[in-house]
Structures are given as C-alpha cells and as structure tokens.
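Student:
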Amino acid sequence: MFRKNEQRQKSLFGPETILNPRLLAQLQASWARTFREEAFERIKEDSFAPLYSEKDSRPNAPVNVLVAFDIIKAGQGWTDEEL
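Heads up: the sequence shown begins at 1 in the numbering used here, then just goes up one per residue.
1) Are there 16 or more other CB atoms within 10 angstroms of the CB of ASN64, so buried, or fewer, so exposed?
2) Note the first and the last residue of the continuous alpha helix (DSSP H) segment covering GLY75.
3) Does DSSP put LEU23 in a helix, a strand or coil?
4) Using alpha carbons as the reference points, say which of GLY75, THR79, GLU81 lies closest to PHE35.
5) Between the Cα of LEU66 and those of ALA25, LEU83, PRO50, GLY14, spot the shortest distance and give me the residue it belongs to.
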C-alpha cells in the first residue's frame, strides 16, 4: 500500500524549536539545508507508487527518505552497513 510522505506541519521537536540560535545558524549553513532543498524535496514519490501493492496492507516507508539515504550513501561511497 503506497502512502505519500507529506510533511505539512513543522515538528514540535524540530531543529527550529529545540536548537539554540547559534546551533540553528550552523545547521542552516551546513550541507543539510541544501540537500533538503535541492534533493530531498525534489524526489517524486508518486513515481514509486506502482511498485507497491494496491491491497490494504502496511504502508510503505517514506520513499523520499529511502531515496535520500541512497543518495547520501552513494555520494559518500559508503556501504549499507556504514550508512
């Protein structure tokens, strides 16, 4: 069963709410923000829907998260275990 990963609301415990301003500035200046905007948010999850059963079953893991992991793994030259 395919379910799209939609993040409509900011997390109550997201970095914006739990980090002090100095650490938040460091996070926003790091590669993580660029990766989220340029890669993670551009992953078209609907393209993967045909790979999942249409029967009622356990929902999929968020496809954009899985693909993002694979991008990071390939970019760093890591194995599955290292990731």
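C-beta: ideal position from N, C-alpha, C; glycine also.
Tutor: So, from the data block:
1) For this step, residue 64 is matched to residue 64 along the sequence shown. Buried: at least 16 other Cβ atoms inside 10 Å.
2) Residue 75 sits at position 75 when you count from the first residue of the sequence shown. Unbroken alpha helix (DSSP H) run through GLY75: 63 to 76.
3) Numbered from 1 along the sequence shown, position 23 holds the residue referred to as residue 23. Residue state, collapsed to three classes: helix.
4) In the sequence shown, counting from the first residue as 1, residue 35 sits at position 35. Ranking GLY75, THR79, GLU81 by Cα distance to PHE35 puts GLY75 first.
5) Against the sequence shown, residue 66 aligns to sequence position 66. LEU66 has its Cα closest to that of LEU83, out of ALA25, LEU83, PRO50, GLY14.
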